[in-house]
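Top line first, the protein sequences correspond to chains A and B. So the first sequence is numbered by my numbering: it starts at -14 and just counts up by one. So the second sequence is numbered by my numbering: it starts at -14 and just counts up by one. Glycine included, each C-beta is placed from N, C-alpha and C at the ideal position. Computed from a predicted structure; not experimentally measured.
There are 2 protein chains.
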Amino acid sequence: MQEQLKLDNQLCFRLYTASRLITQAYHPLLEEIGLTYPQYLVMMVLWEQDNMPVNDIAKRLYLETNTVTPLLKRMEAEGFIARRKGEKDARQVIVSLTPKGRKLEGKASCVPYQMGQAVACRSITEKTAPELFRTLDDLIGTLSK
Amino acid sequence: MQEQLKLDNQLCFRLYTASRLITQAYHPLLEEIGLTYPQYLVMMVLWEQDNMPVNDIAKRLYLETNTVTPLLKRMEAEGFIARRKGEKDARQVIVSLTPKGRKLEGKASCVPYQMGQAVACRSITEKTAPELFRTLDDLIGTLSK
DNA sequence: TACCTTTGTATCGCAAACGATATAAATAAC
DNA sequence: GTTATTTATATCGTTTGCGATACAAAGGTA
C-alpha cells in the first residue's frame, strides 16, 4: 500500500468532507428562510451588489454559467430575484433582488452567527482563522488560474 | 450591509470553493483511469481494506448509504468492484475489488504526486500542512457529531 | 456589407449529494 | 414465539456541478 494513496494523508478529502459537512450544518438554518446553500451564496452576492449580470455572479462564486442559470431560474420561481435583458448588451441577463429578496437579508442576518457556533472548535479561533483564510485563498487563487 | 453576511468573510465559502476547484483539478487525471473523484475515494478505501460492507465505506467517507449505493453500482458496472451478500449478516452487502480494480492501484499511484504539483502554493508547505490537517480534522470531528 | 471570431447565456446529459421513505433481515422485548 | 424495534441497504425526487454543445448578440476584419 502506497502511503500517498491513503485517505488519511489527503488534503483534498479533508476539504471535500469539511465542505459537505458545513453545507449540511447550514441546511436547517437556510431551510427556515427557504434557500439552499448555493442559493444563499447567490443572495450574498446580490445583497452586496444588486443588478449583476449572470456572468459576474458566476465568476464571483467560481461557478460556470451552466450551473448558475438553472439556480437563478429556481430562485426567480421562488420570487427572490428577477431577471431582465441587459439594455446596453442584449446578450446579458441582469439579475436583481425583488422586495422579497431584499427583505430576506434581515432574516438571514442571524445565520452567520449561528453557523459560527456550529463550526466553533479548538482549532479555529480569532487568532488562527486569518491564517486559515490566507491559506485557502492562496489555494483557490492557484487552482482558479 | 452586515459585515458577517459578506462572502469574503466566510470560511464556508472558501472550503466549498477550494473543494470544488480541487475536484476539477483531479478530473483530467482521474479521467485517464476511468474514475470520478468520489469513485476514487471509494477505491482508496478498498485499496486500504478490501471486502467492506457498504455501511463501513459510507462511514469512512462521511457519506450516506443513499449516496454510496448508486456510486457502487456504477463502479460495479465498470467492473472495478463486486458486490455480494454478507454471509453472517444477510442485510449487508460486501464490496470487494475485482482484478481490474486491484490493478488500478498501480495506475493511480502517480495521481497523488501530480495533484501535489497542482495544489502547490506558497501557503501549503511541509511545515504548514500538518497544522492545516489538524484544523480540518478538528472541524470535521466537530461537524460529524 | 459580408464573414469570422469572441462573448454571454442557455440546453442537455450524467454523476453526485442528500432528505424522505421503503424494505428486509437481525435483534430485543414481551 | 410473536411482536416491536433497530439496523443495513436501497429507491425516489430534487438540487447541484460540470463537460459538451448550441445559439444569438457584439465586435472585429476584409
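- Our two residues, residue 10 (chain B) and residue 83 (chain B), have alpha carbons roughly 27 Å apart in a direct line.
- Scanning its chain for C-beta atoms nearer than 8 Å, with the 5 sequence neighbours on each side dropped, one finds around residue 47 (chain A) the residues 125, 129, in chain order.
- Annotated three-state conformation of residue -14 (chain B) is coil, per DSSP.
- Within chain B, the residues whose beta carbon sits less than 8 Å from that of residue 118 (chain A) are -4, -1, listed in sequence order.
- Against chain B, the CB of residue 25 (chain A) has no partner CB under 7 Å away; the residue lies outside that interface.
- Relative to residue 13 (chain A), the option among A:76, A:99, A:71 whose CA is nearest is A:99.
- With contacts defined as CB atoms closer than 7 Å, residue 87 (chain A) and residue 78 (chain A) fail to qualify as a contacting pair.
- Scanning chain A for C-beta atoms nearer than 9 Å to the C-beta of residue 113 (chain B) yields 116, 120, reported in chain order.
- For the region 14 to 45 of chain A, the beta-carbon criterion of a distance under 8 Å to any beta-carbon of chain B is satisfied by 22, 26, 29, 30, 32, 33, 45.
- Boundaries for residue 58 (chain A): no beta strand (DSSP E) harbours it, while the alpha helix (DSSP H) harbouring it runs 50 to 62, taken from the DSSP string.
- Among the bridge pairs identified by DSSP, residue 81 (chain A) is matched with A:67.
- Taking all protein chains shown into account, residue -5 (chain A) has 16 or more neighbouring C-beta atoms within 10 Å of its C-beta and is therefore buried.
- Residues of chain A with a Cβ closer than 7 Å to the Cβ of residue 66 (chain B) do not exist; the shortest Cβ-Cβ separation is about 16 Å.
- Cβ neighbours of residue 31 (chain A) within its own chain (closer than 6 Å, five residues either side excluded): 82.
- Shortest Cα-Cα distance from residue 94 (chain A) to any of A:0, A:25, A:117, A:1 involves A:25.
- The DSSP assignment places complete alpha helix (DSSP H) segments of no fewer than 4 residues inside the region 82 to 115 of chain A at 84 to 93, 96 to 104, in order along the chain.
- Under the 7 Å criterion on CB atoms, residue 107 (chain A) is classed as interfacial with respect to chain B.
- The beta-carbon of residue 83 (chain A) is placed no less than 7 Å from the nearest beta-carbon of chain B.
- Apart from the 5 residues on each side of it in sequence, residue 53 (chain B) sits with its Cβ closer than 8 Å to the Cβ of 27, 39, 42, 43, 46 in its chain, given in chain order.
- Bounds of the alpha helix (DSSP H) holding residue 1 (chain B) are -4 to 18.
- Within chain A, 94, 96, 97, 98, 101 have C-beta atoms less than 9 Å from the C-beta of residue -11 (chain B), given in sequence order.
- Residue -14 (chain B) is classed as exposed because its beta carbon has fewer than 16 other beta carbons within 10 Å across all chains shown.
- Between residue 2 (chain B) and residue 22 (chain B), the C-beta spacing is not below 7 Å.
- With 16 or more other Cβ atoms inside 10 Å of its own Cβ, residue 120 (chain B) counts as buried.
- Partner residues in a beta bridge of residue 23 (chain B), as assigned by DSSP, do not exist.
- Among the residues facing chain A, residue 2 (chain B) is included, as its CB has a counterpart in that chain under 7 Å away.
- Note: residue 37 (chain A) is bridge-paired with A:80 in the DSSP secondary-structure output.
- Per DSSP, reduced to three states, the secondary structure at residue 74 (chain B) is coil, with no helix or strand assignment.
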